[in-house]
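**Student:**
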């Protein structure tokens, strides 16, 4: 296993060296690209013509013996500070935007959250105007909060509110026997490599005063709304349309009984 890790680390390191050399080549005067984002297997650039792209591809092959391709051309992009996270759209109505590692879209997040974040992300990148974003957020959250109420009141599709994680090692190997994973695994009879789940819980309803629970009867509806808003706030802050005060007012409006937005 150690050898496999070393091989993986070597491959990754070699890839990053080529990646850095490619970025330097992009910036040279004869190419003239402006690099706006880079990650392990690609770079995003501005000021690129098709002729210059072809020239760059040929020079990379000659200089580094690496074959690359011109994969996409985007009209709108949103780059996040975190590594390897971005939104991008070609501008063609028949093509879906690319949503890369956006907060809340992980498979570990509840399906209810994933669906809401995806809708807001798509609307934001395809209609990047302040008023359009506000309108979309209001409408999508009205629908999401309605679904949340139905899940709770009618106990329908309650599994869509589950967070999940995998038990990474034998339970007795965890340093803390009171950590969340161990507690959940014991409650659910899970072992190494199994998936455990939990809900955001009202501590007053849990026997151990925890903010999570294996049981849907302990769900904290406001906790879900706040968790979802935290992910939406990260997305909205990267549009640069909203100040800290704007986001604070949005939060106050969104987390009250009505989600009609005005700032």
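Residue numbers (the numbering used here): 1193 to 1455. All C-beta atoms, glycine included, are put in the ideal place defined by N, C-alpha and C.
Please check the pair residue 1227 and residue 1215, which I expect to be a contact at CB under 8 Å, by giving their CB distance rounded to whole angstroms.
**Tutor:** Confirmed, about 5 Å.
**Student:** Nearest to residue 1271 by alpha carbon, out of 1446, 1431, 1395 and 1445?
**Tutor:** For residue 1271, the nearest C-alpha among the options comes from 1431.
**Student:** Kindly list the residues whose CB is nearer than 7 Å to the CB of residue 1157, restricted to its own chain and excluding five residues on each side of it in sequence; keep chain order.
**Tutor:** A query on residue 1157 cannot be resolved here, the shown segment of the chain reaching from 1193 to 1455 and no further.
**Student:** Tell me residue 1237's beta-bridge partners as DSSP assigns them.
**Tutor:** Answer by DSSP bridge pairing, in chain order: 1227.
**Student:** Looking at C-alpha atoms only, which residue of 1434, 1211 and 1447 is the closest neighbour of residue 1326?
**Tutor:** Ranking the options by Cα distance to residue 1326, first place goes to 1434.
**Student:** Taking the Cβ atom as the reference point for each residue, do residue 1384 and residue 1361 lie within a distance shorter than 8 Å?
**Tutor:** Yes, Cβ-Cβ distance for residue 1384 and residue 1361 is below 8 Å.
**Student:** With a CB to CB cut of under 8 Å and the five nearest residues on each side skipped, what residues in its chain are close to residue 1230?
**Tutor:** Answer for residue 1230: 1211, 1215 and 1236, listed in chain order.
**Student:** Residues bridged to residue 1390 by DSSP?
**Tutor:** Per DSSP, 1355.
**Student:** DSSP three-state label for residue 1414, please.
**Tutor:** Three-state result, residue 1414: helix.
**Student:** Report the CB separation of residue 1405 from residue 1390 in whole angstroms; it is logged as a contact under 8 Å.
**Tutor:** Their Cβ separation, rounded to whole angstroms, is 6 Å, which keeps residue 1405 and residue 1390 in contact under 8 Å.
**Student:** Pick from 1276, 1373 and 1441: whose alpha carbon is nearest that of residue 1233?
**Tutor:** Comparing Cα-Cα distances from residue 1233 to each of 1276, 1373 and 1441, the minimum goes to 1276.
**Student:** What are the partner residues of residue 1278, as DSSP defines its beta bridges?
**Tutor:** BP columns for residue 1278 point to 1271 and 1292.
**Student:** DSSP three-state call for residue 1540: helix, strand or coil?
**Tutor:** Not covered by the structure: residue 1540. The range shown for the chain is 1193 to 1455.
**Student:** Determine, using beta carbons only, whether residue 1279 and residue 1317 come nearer to each other than 8 Å.
**Tutor:** Contact flag set, yes.
**Student:** Looking at the secondary structure, which residues open and close the alpha helix (DSSP H) in which residue 1448 lies?
**Tutor:** Neither: residue 1448 is in no alpha helix (DSSP H) and is coded neither H nor E.
**Student:** Across which residues does DSSP place residue 1432 in a beta bridge pair?
**Tutor:** Note: residue 1432 sits in no beta bridge, so no partner.
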